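Take this note's numbering: the final residue in the sequence shown is number 848, and no numbers are missing along the way.
Contents: one structure, followed by commentary.
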Amino acid sequence: MLRKAFIVHGRDSRPVAELKSILKELEFDPIVLHEQPSGSRTIVEKLEKNSDVDYAFVILTPDDVLVPTALGYQMDKQKGMTREMHLLGPRVTYRARQNVVLEFGYFIGKLGRDRVCCLLKGDVELPSDMQGIVYVPFKQSINEVRGKIADELKAAGYRIDIHQQKQEDHGNELSEIKDDIEMLKRRGIVPT
């Protein structure tokens, strides 16, 4: 039986696809909520039904923009008085979707912090109530932190064959290089 890992995510689908691929290679069954049947359940009920997992990954991506406001005052010259107004702040903050932060907390409560890994893409505001949790940052691709994902699973007590994984990675890279050389040969750029 495969071990199950839940993937919490926002709008960016690329990291989800990459993480699913990595987890399958590490012999985990990735569970993504929107891919599961609903069975006329609410989203919360569907989450509860599908949360019987061994581990959870939370991908925080810059999906929402927060523009801070400040309270200001404007003079109404006709009425001779001031009125309150909200002024937009000078800089925006990028945040994860609210459902992602909610599900992050849900899985920490259900599985414990040692069974939840948070992957952080780019410059995303960290949830304020979760300061002190270790985040695994990446710039563009989850593949940048493939080794750290395996390390987190090992630290949680899972047997992960890193050597096998590295051999597969090198085999894939070698295959891609050979394909590239063959393509260059066909185009006459590299002598045959």
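Even glycine gets a Cβ: it sits at the ideal position worked out from N, Cα and C.
This structure is a prediction, so every number in the text was calculated from the model and none was measured.
Closest by C-alpha distance to residue i, when choosing among the options
i, options, result
"M786", "R802, V672 and F760", "F760"
"V748", "Y762, V723 and K804", "V723"
"R670", "I798, G813, E701 and I833", "I798"
"E808", "F713, K660, V709 and G695", "F713"
"S784", "I687, N706, R751 and R802", "R751"
Burial state of residue i, where buried means 16 or more other Cβ atoms lie within 10 Å
i, result
"R739", "exposed"
"A726", "exposed"
"T717", "buried"
Host alpha helix (DSSP H) of residue i (start-end)
i, result
"P671", "S669 to E681"
Length of the line joining the Cα atoms of residue i and residue j
i, j, result
"H665", "K733", "50 Å"
"L682", "E704", "25 Å"
"N658", "E674", "Looking at the sequence shown, residue 658 is not Asn but Leu. Cα to Cα, the separation comes out at about 19 Å."
"V672", "G765", "22 Å"
Element boundaries [beta strand (DSSP E), containing residue i]
i, result
"K795", "Neither: K795 is in no beta strand (DSSP E) and is coded neither H nor E."
"L722", "D720 to L722"
"L776", "V772 to K777"
"D685", "F684 to V688"
Distance cut-off 7 Å: residue i Cβ against heavy atoms of the ligand NAD
i, result
"I678", "Judged by which ligands are present, the structure shown has none, so any question about the ligand NAD falls away."
Notebook entry, point to check: Along the chain, which unbroken stretches of the beta strand (DSSP E) at least 3 residues long are found entirely within the segment 733-768?
Noted result: For the segment 733-768, whole beta strand (DSSP E) runs of length 3 or above, ordered along the chain, are 737-744 and 749-751.
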